[in-house]
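For reference, the structure is listed below as structure tokens.
In this note's numbering, the protein residues as written are 169 to 379.
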């Protein structure tokens, strides 16, 4: 009789407290993992949006850099201004979501370069304005350059991003050496601007792929 009572004995109060504590710990662990997953997902989304904002900005700026005969200079200037502002915003959005330090440096340089170009466009003095735009293009060139991933065994998206950054470096280099005071220089600058636009679209696709 005493043996049967022992088998059906209810769990002690101490055991119940221990079980509740373990359940709480498990719940907190699951909750923290879920929060980390949500934060990572949000960061990826912001990085993708930033990449596409930058790409759109490059395309808008490239249209403004293209020597269309029927397009008024004021509209071209406005397009270049809006395009570079969008690029600066796009680079800034991706800065806080980069896992690699050199990518953060690259985004900061590119964003700073776009801001410098904007200041150059708004400068009433033509010579100092052109100088500022050249400095801005150099900063963008450096930004794209330091973002190139030289590690081995890269994923497809990392390799694609490298291709995009290399193309951006080529485009920025053309813009840096283009003489804005000659017809040939204006054409070279337009080619460089469109080349950079292609590079940013490829980098945006790489962020979108995210393997």
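Cβ atoms here follow ideal geometry from the backbone N, Cα and C, with glycine treated the same way.
Remember, predicted model here, so these are calculated numbers, not experimental data.
Whole-angstrom distance between residue 227 and residue 363, CA atom to CA atom: Mapped onto the chain shown, residue 363 falls at position 195. Mapped onto the chain shown, residue 227 falls at position 59. Approximately 10 Å between the Cα atoms of the pair.
Burial state of residue 335 (16 or more Cβ within 10 Å): In the chain shown, residue 335 corresponds to position 167, counting from 1. Taking every protein chain shown into account, the CB of residue 335 has 16 or more other CB atoms within 10 angstroms, so this residue is buried.
C-beta contact flag for residue 340 and residue 286 at 8 Å: Sequence index remark: in the chain shown, residue 340 carries index 172 (1-based). Sequence index remark: in the chain shown, residue 286 carries index 118 (1-based). Not in contact: residue 340 and residue 286 (Cβ atoms no closer than 8 Å).
Other residues of its chain near residue 333: CB distance less than 6 Å, five sequence neighbours each side excluded: In the chain shown, residue 333 corresponds to position 165, counting from 1. By the criterion of a C-beta distance shorter than 6 Å, residue 333 is surrounded in its chain by 312, 315, 316, once the five residues flanking it on both sides are discounted.
Secondary structure of residue 315, DSSP reduced to three states: Here residue 315 refers to the residue found at position 147 of the chain shown. Here residue 315 carries a coil assignment [DSSP, helix/strand/coil].
Spatially closest choice to residue 230 from 269, 366, 263, by CA coordinates: Locating residue 230 in the chain shown gives position 62, where the first residue counts as 1. Closest option to residue 230, Cα to Cα, is 366.
Residue burial classification, residue 289 (beta-carbon count within 10 angstroms, cutoff 16): On the chain shown, position 121 is the one that residue 289 refers to. Residue 289 is buried by the Cβ-count criterion.
Contact check, residue 307 vs residue 325, beta carbons under 8 Å: Position 139 of the chain shown holds residue 307. Position 157 of the chain shown holds residue 325. No, Cβ-Cβ distance for residue 307 and residue 325 is not below 8 Å.
Coil, strand or helix - residue 309 by DSSP: Stepping through the chain shown from its first residue, residue 309 is reached at position 141. Of the three classes helix, strand and coil, the one that applies to residue 309 here is helix, per DSSP.
Sub-8 Å separation of residue 460 and residue 254 beta-carbons: A question about residue 460 goes unanswered here, because the residues of the chain that appear run from 169 up to 379.
From 361, 356, 237, 328, residue whose alpha carbon lies closest to that of residue 374: Taking the chain shown and counting its residues from 1, the one referred to as residue 374 is at position 206. For the residues 361, 356, 237, 328, the minimum Cα distance to residue 374 belongs to 328.
Beta-carbon contacts of residue 257 that lie in its chain and below 7 Å, excluding the five residues immediately before and after: Taking the chain shown and counting its residues from 1, the one referred to as residue 257 is at position 89. So the list reads 221, once near-sequence residues are dropped.
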